[in-house]
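Remarks on the structure that follows.
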Amino acid sequence: MTEGDAREGAVALAGLCADCAHARRIESARGSAFYLCELSASDPSYAKYPSLPVIQCAGYEQKIESS
1 MTEGDAREGA
11 VALAGLCADC
21 AHARRIESAR
31 GSAFYLCELS
41 ASDPSYAKYP
51 SLPVIQCAGY
61 EQKIESS
């Protein structure tokens, strides 16, 4: 599996959260993955753990990858 394939899989499962600057992927001890929306800490209109996939979000900002 290439890096591009892995990213496409993540986007299919998580939607916008997969590459949002405000989302942090959390993995449980049992291997389940969740996306924590860090905007929820300052704005209660954002769910702490949104239902996935997220297809529309006013707070979405694409994460800038560092090389």
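Using the numbering used here, you'd call the opening residue of the sequence shown number 1 and step up by one each time. Heads up, the beta-carbon is just placed ideally off N, CA and C, and yes, glycines get one too.
| Asked | Found |
| --- | --- |
| Same chain, Cβ closer than 7 Å to Cys57, five either side skipped, listed in chain order | Leu16 |
| Unbroken beta strand (DSSP E) run spanning Leu36, endpoints | Ala33 to Cys37 |
| Buried or exposed (CB count within 10 angstroms, at least 16 for buried), Ala21 | exposed |
| Neighbourhood of Gln62 by C-beta, 8 Å cutoff - its chain only, sequence neighbours within 5 removed | Asp19, Cys20 and Ala21 |
| Where the beta strand (DSSP E) through Ile26 begins and ends | Ala23 to Glu27 |
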